[in-house]
Amino acid sequence: MARGRLQVTSPKLHSERERDGGVMEERDESVQETLVNGLGSGQALLGLDWHLGGLLLYNTKYTRNGGSVTGGGDSDAMLVECERDASMSCPVMRTLYSELYSIFSSLQQQQGAGPVDKKQLVEFSRSYRSVMRATMEGLQKMGMSTEDDIKLDYCKEQVQALLDLELIWNLCEVLFVEAAQAGLLVPLLLDWVHLHGSHVETQAQLVLSSSNPGQHPQYWDTVLGFVLQGRIGEARQLLSHTASSVPPGSRSLVKHMDTLLKRMPFYTASQSLAEFDLRWRHWQEECQSVLREGAFASHQHLELLCKILAGEEEALMESRGLMRWYGYMVARLLYSHPTAKPSELQHYVQAACCVYGNDAASSPLDQLLQVVFDMNLHQLLKDCSLALNNWWFVAHLSDLLHHCQQLQSGTSLREFLLLEFATNLMAHHSLWSLAPVYLDACGEEGRAVMKLWLVRLPLQSERKAQKVLRICQERNLQEQARGICKEMAVRAVRSGRLGLALNWSLRAKDPALTTALADRFLDSYAARGAFCDLELIDSLGSSILLSDRLTFLGKYREFHRLYGDRRLPEAARLLLTLMTARVAPTGFWLTLLGDAVPLLTHQQVIFDAEQSSQLLDCLEEAVERSSVGKWAGTDQEEYEEKKDLIRMAIVQNLARAIVG
0 MARGRLQVTS PKLHSERERD GGVMEERDES VQETLVNGLG SGQALLGLDW HLGGLLLYNT
60 KYTRNGGSVT GGGDSDAMLV ECERDASMSC PVMRTLYSEL YSIFSSLQQQ QGAGPVDKKQ
120 LVEFSRSYRS VMRATMEGLQ KMGMSTEDDI KLDYCKEQVQ ALLDLELIWN LCEVLFVEAA
180 QAGLLVPLLL DWVHLHGSHV ETQAQLVLSS SNPGQHPQYW DTVLGFVLQG RIGEARQLLS
240 HTASSVPPGS RSLVKHMDTL LKRMPFYTAS QSLAEFDLRW RHWQEECQSV LREGAFASHQ
300 HLELLCKILA GEEEALMESR GLMRWYGYMV ARLLYSHPTA KPSELQHYVQ AACCVYGNDA
360 ASSPLDQLLQ VVFDMNLHQL LKDCSLALNN WWFVAHLSDL LHHCQQLQSG TSLREFLLLE
420 FATNLMAHHS LWSLAPVYLD ACGEEGRAVM KLWLVRLPLQ SERKAQKVLR ICQERNLQEQ
480 ARGICKEMAV RAVRSGRLGL ALNWSLRAKD PALTTALADR FLDSYAARGA FCDLELIDSL
540 GSSILLSDRL TFLGKYREFH RLYGDRRLPE AARLLLTLMT ARVAPTGFWL TLLGDAVPLL
600 THQQVIFDAE QSSQLLDCLE EAVERSSVGK WAGTDQEEYE EKKDLIRMAI VQNLARAIVG
C-alpha cells in the first residue's frame with residue numbers, strides 16, 4: 000500500500016471586519032488547496048478517517064454516480080495522512096513543547112498554592128517568550144547545519160512565525176499581564192518596539208563599521224530610527240560621529256541637538272504623573288522655541304529631528320518609511336502624549352492605520368496586532384486559531400490571560416483551546432505524556448476526555464504501561480488503572496509470562512483473572528513438579544485474599560516451605576486444612592494427597608488417627624469426583640497405581656497411629 004504524508008495547512012487569515020453599531024462580522028475568504036497525485040483522480044470518491052493526529056484520505060471504490068470503480072492501480076491503495084500539527088515531527092519544536100509544558104505546569108502549581116501576583120505572572124510570561132527565543136536559535140542552527148533545501152525553508156518559515164508570535168505575545172504582556180497604566184504604558188511599548196525593531200541595530204552596525212560613519216548614506220536614517228524608538232542614548236552616541244564630518248560652523252548645531260536629547264525627560268515610578276507631565280511640557284516647549292528661532296534651519300536632518308522632538312505630526316509622517324505602522328503609533332505617543340492610558344490607544348491605532356493605508360493591514364500579523372490594541376482578546380484568540388496551524392500558542396496565551404483575570408467569562412474558551420492542544424499531544428508517540436497536565440486544567444470535561452483516552456492508549460512496552468498507570472493513580476482514576484493492568488496481564492499470559500501476568504492482575508484487583516492465573520500456576524506445578532516464579536508467590540502477602548484460588552496457591556507454597564524446613568507437623572496440619580476446609584480445588588486433591596505420602600511414610604508418625612481418617616475420606620471424595628480418573632496428565636493405569644499407593648500409605652499410617 001502506498002502511503003503519503005501531507006501537512007494540513009491552515010488557511011491564512013483573510014478577513015474583513017466591519018463595525019456597524021458595535022457588531023463585528025468576519026468572512027473567511029480563502030482556503031489553500033494541495034493536490035496529491037493519484038488521490039481524488041478520476042471518478043472515485045474520496046474517503047476519510049479522522050484520528051487524534053489529523054485524518055487519513057484515500058480513494059474509495061465508489062463513483063459519484065453510485066457505481067463502482069473497475070480496475071485499479073497503486074494510486075487506489077494510497078493513504079495520505081494529513082497532520083494537524085506537522086511541527087511535532089521537528090526535534091527542535093518538540094523541545095519547545097517540553098519547555099512550554101514545564102512553565103505551564105509550574106503556573107498551575109503556583110495557582111493551586113494561592114493567588115499568583117502580577118509580578119509572578121510577568122515572570123511566567125517572560126519565561127514563555129524566552130522559550131520561543133531559544134527555539135528560534137535552535138531552528139537557525141538546524142537550518143545552518145542542513146543541506147536539504149526543504150528543511151532549510153521549513154526552518155526559515157518557523158523562525159519567522161515564532162518572531163511574529165513573540166511580537167503578539169509581548170504586546171499582550173504589556174497590555175494585559177503588566178496592565179500598564181498612564182506613564183508606564185509608553186515606556187513599555189517603546190521596549191516592545193525596541194525588542195522587535197532590530198533592523199535599526201543592524202543598520203547602526205553597518206554604519207559604524209564604515210571608514211567615515213558620518214558620511215554613510217544610512218547615517219541620518221539610523222539616528223532618526225533610534226530617536227523614533229526613544230533610544231536617546233544610542234542616538235547621541237551615533238551623533239558624536241558627526242563632529243569630524245561636518246563643517247566647523249555646524250558642530251555647534253550638533254552639540255545643541257545633543258543637549259536637547261540629553262534633557263529629554265523619561266517617566267519613572269518614583270515620580271508623580273503630574274511632575275513628569277510638567278517636566279515634559281517644559282522640555283518640549285524648549286524644542287519648539289528652538290524651531291521657531293530657526294536654530295537648525297541650515298541643517299535639514301537636525302531640523303527634522305527637532306521637529307519630531309517637538310511633536311510635529313508632519314515630521315513623523317515624513318519619517319514613516321523607516322518603521323512599521325505600530326512603530327509610528329508608539330513614536331507618536333512618545334512625542335505627543337507620553338502619559339497615554341490604555342483606553343486611548345485605539346484612537347492612535349486608527350490614526351496610524353489611516354497614515355499607512357493598506358500597508359497597515361497587509362498581513363495577518365498586522366491584523367492580529369490591531370485586534371490586540373483593540374483590547375479584544377476573544378477575537379484575538381479566535382483569529383490566531385484560524386491563522387495558525389498549531390494550538391500551542393493560543394492554549395498557553397489564553398491560560399496566562401485567564402490567570403491575569405483578563406478573560407471575562409472566558410473559562411470555556413480557555414478550556415476548549417487547552418483541550419485542542421492536549422488532543423494534538425495525545426496523538427504523538429513521544430509527547431503524549433504531557434497531555435494529562437493540560438487536561439487537568441480543563442475541569443470535568445478534561446477529566447472525561449482523559450478517562451476515554453488513557454484506556455485507548457497503545458501500550459507498546461512495560462515502561463509505557465507503568466507511566467500510564469502512574470498518571471491514573473495520581474488522578475485517582477481507579478477504573479482506568481484496573482483496565483490497563485488487566486490489559487497488560489492478558490498480554491503477559493499470551494506471551495507465556497505467568498509471573499508478570501499475575502503481578503498485573505493483582506494490581507488490577509480482578510478476582511476472576513487472578514483465579515484463572517492461579518489455576519495456570521497450579522497446572523504448571525502439576526505438570527513440572529515445581530513452582531514457577533517462586534519469588535512472586537513468596538511475596539504475595541495480603542494479596543492472596545483477592546481470590547480463593549490465589550489463597551490456596553499461597554498456602555500451598557507455604558506448605559512446601561514448611562516441608563523444606565523440616566517442620567513436618569506444621570506442614571501436615573496445613574496440608575490437611577487445605578483439603579478439609581475446601582480451599583483447594585477438588586481436581587487438585589489427588590496432587591495434595593500425593594504430597595502427603597512422604598509424611599505418611601515418615602518413620603515418625605506425623606498424622607494421628609483422626610487426621611489419617613480425614614485423609615482417607617478426602618481420598619474417597621477425590622476419587623468419586625474425578626470424572627475420568629485423570630491425575631496430572633497420567634494414563635488410567637498409572638492413575639490407579641498412584642491412587643492405591645496413597646490409600647496404602649494412609650491405611651498403614653492409620654494403623655501405626657492406633658498402635659502407637
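Mind the numbering: the sequence shown is residues 0 to 659 in numbering that gives the first Met the number 0, read in order. Note that beta-carbon positions come from the ideal geometry of N, C-alpha and C, so glycine has one too.
Boundaries (first-last residue) of the alpha helix (DSSP H) holding residue i
i	result
Leu499	497-507
Gln287	272-291
Met143	117-144
Ala178	Neither: Ala178 is in no alpha helix (DSSP H) and is coded neither H nor E.
Phe520	510-527
Ala394	391-402
Gln407	Here Gln407 belongs to no alpha helix (DSSP H), and DSSP marks it neither H nor E.
Arg462	461-473
Pro337	Segment: none, Pro337 is in no alpha helix (DSSP H) and carries neither H nor E.
Ile483	477-493
Span separating the alpha-carbon of residue i from that of residue j
i	j	result
Thr422	Asp509	31 Å
Pro337	Asp220	23 Å
Trp191	Arg506	55 Å
Cys383	Gly326	22 Å
Lys450	Leu164	33 Å
Ala434	Ser101	12 Å
Trp391	Phe103	11 Å
Cys471	Gly482	11 Å
Ala441	Gly540	Note that residue 441 corresponds to Cys in the displayed sequence, not to Ala. Spanning the two alpha carbons is a distance of roughly 40 Å.
Ser97	Gln404	26 Å
Leu589	Val436	56 Å
Met425	Leu468	16 Å
Ala635	Lys642	The sequence shown places Gln at residue 635, rather than the Ala named in the question. About 10 Å.
Val627	Thr585	Residue confidence for Val627 is low, a pLDDT of 42 falling below 50, so the modelled location carries little weight; the figure read from the coordinates is stated next. Approximately 14 Å between the Cα atoms of the pair.
Phe698	Ile536	There is no way to answer for residue 698, as the model of the chain reaches only from 0 to 659.
Glu24	Val371	Bear in mind that a pLDDT of 40 at Glu24, under 50, signals an unreliable position, so the model cannot answer this.
Leu599	Glu640	17 Å
Ala648	Leu567	16 Å
Phe295	Ala314	14 Å
Glu623	Asp564	34 Å
Gly213	His195	26 Å
Lys381	Ser144	36 Å
Helix, strand or coil at residue i [DSSP, three-state]
i	result
Ala580	coil
Tyr437	helix
Gly593	helix
Ser384	helix
Asp48	strand
Glu24	Confidence at Glu24 is low in this model, with a pLDDT of 40, below 50, so the placement of that residue should be treated as unreliable; the coordinate-derived value is given next. Glu24: strand per DSSP, three-state reduction.
Val604	coil
Leu301	helix
Tyr266	coil
Val354	helix
Asn652	helix
Ala43	strand
Lys60	strand
Val454	coil
Ser9	Model confidence at Ser9 stands at a pLDDT of 39, short of 50, so the residue's coordinates are unreliable; what they give is reported in the following sentence. Correct three-state label for Ser9: coil.
Leu78	strand
Leu55	strand
Among the options, nearest to residue i - alpha-carbon criterion
i	options	result
Val454	Leu476, Val436, Ser460	Leu476
Gln407	Arg474, Asn375, Asp547, Leu614	Asn375
Arg496	Ser523, Gln479, Glu478	Ser523
Leu516	Phe415, Ala488, Ser542, Ser494	Ala488
His661	Leu78, Asp152, Glu177, Gln228	Residue 661 falls outside the range modelled here, since the chain spans only 0 to 659, and no answer is possible.
Ser126	Val91, Leu396, Lys485, Asp148	Leu396
Leu304	Ser297, Met328, Leu223	Leu223
Gly182	Arg250, Tyr266, Tyr153, Val206	Tyr266
Near the ligand GTP: residue i beta-carbon under 8 Å from a heavy atom
i	result
Phe520	Annotation note on the ligand GTP: not contained in the displayed structure, which lists no ligands.
Cβ distance (whole Å) where residue i is taken to contact residue j below 8 Å
i	j	result
Leu333	Tyr347	So it is not a contact: roughly 11 Å between Cβ atoms.
Lys254	Arg235	Rounded, the Cβ-Cβ distance is 11 Å, inconsistent with contact.
Leu577	Tyr555	7 Å
Asp44	Tyr57	The amino acid occupying residue 44 in the given sequence is Leu; Asp does not appear at that position. Contact flag wrong, Cβ pair sits at about 10 Å.
Leu95	Val130	6 Å
Leu399	Ser210	Wrong, their Cβ atoms sit about 49 Å apart, outside the cutoff.
Proximity test, Cβ basis, 9 Å: residue i and chain D
i	result
Leu456	No chain D appears in this structure, which consists of one protein chain only.
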